[in-house]
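Q: The following block contains the structure, expressed as structure tokens.
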Amino acid sequence: RAETKLNDWPALARYSEDNKKTSPPAKNEQRVVFMGDSITDSWDSPNNGGFFPGKPYVNRGISGQTTPQMLIRFRRDVIELQPKFPMAYNERGNARSEKGDVQGALADYSIAISLGPKFTSFYYNRGIALQNQRQLDAAIADFSEALKLSPKFHKANVNRAVALLDLAQVGRRHERCSC
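Numbering-wise (this note's numbering), the sequence shown opens with residue 60 and increments by one.
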């Protein structure tokens with residue numbers, strides 16, 4: 060067991076065969092993929108009640124897993140199974156953003172928005188990533204969309220104001236430049 064853990068620390072082999080056997084979701088199937096540690100791992104066990112029989116839910120829990128291990132297998136064990144669950148893409152976007160993969164984060168936030176256009180946090184998170192990349196017009200648009208969905212979302216309002224101020228400063232610098 061220790062050698063297996065050493066050779067496959069994120070446990071990519073655990074669901075490799077199951078993933079190959081999992082067909083793409085049917086046209087109207089609302090597939091959900093659960094990923095987690097021991098609690099998730101035991102959900103579909105008949106000994107524990109076999110939660111969610113007949114539902115389009117896929118279990119990819121592994122007992123003892125940590126976040127870094129799950130991040131490594133996230134694409135293979137979740138995304139490639141094509142869940143219709145936008146929060147998965149948003150959360151991976153957050154993880155990518157924290158690790159400095161802004162382009163990957165932006166792509167994930169955009170997928171999350173396409174699957175769940177009514178989630179305020181998806182626009183807000185993408186707005187933050189765009190703001191950090193100095194793509195201020197696009198950031199302002201995302202903060203504005205978040206505020207349309209949740210007018211009292213204070214953080215979106217503050218970040219939109221900061222982006223507007225930054226954009227105004229950029230404009231003033233361009234006006235002073237004689238280039």
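The beta-carbon is built from N, C-alpha and C at its ideal position, and this holds for glycine as well.
Quick caveat, the model's predicted, so the values are computed rather than measured.
What did DSSP end up calling residue 182 once you bin it into helix, strand or coil?
A: It is helical.
Q: Cβ atoms of residue 121 and residue 100: under 7 Å apart, would you say?
A: It is a contact, given that the beta carbons lie within the stated cut-off.
Q: Could you check the C-alpha separation between residue 146 and residue 229 for me, to the nearest Å?
A: Distance between the alpha carbons of residue 146 and residue 229 is about 34 Å.
Q: Pull up the CB-CB distance for residue 90 and residue 115, whole angstroms please, since I reckon it's below 8 Å.
A: Confirmed, Cβ separation roughly 5 Å.
Q: Can you name, in chain order, every residue of its own chain whose Cβ lies under 7 Å from the Cβ of residue 130, other than the five neighbours on each side?
A: 154.
Q: By the three-class DSSP mapping on this structure, what secondary structure does residue 87 have?
A: Coil, per DSSP.
Q: Classify residue 75 as buried or exposed, calling it buried when 16 or more other Cβ atoms lie within 10 Å of its own Cβ.
A: Exposed, by the Cβ-count rule.
Q: Using a threshold of 7 Å, state whether the C-beta atoms of residue 166 and residue 156 are closer than that.
A: Taking 7 Å as the Cβ cut-off, residue 166 and residue 156 do not qualify as a contacting pair.
Q: Output the distance between the C-alpha atoms of residue 206 and residue 110, rounded to the nearest integer angstrom.
A: Cα to Cα, the separation comes out at about 38 Å.
Q: For the beta strand (DSSP E) that residue 116 lies in, which residues bound it at each end?
A: First-last of the beta strand (DSSP E) with residue 116: 116–118.
Q: Less than 7 Å between the C-beta atoms of residue 192 and residue 161, yes or no?
A: Taking 7 Å as the Cβ cut-off, residue 192 and residue 161 qualify as a contacting pair.
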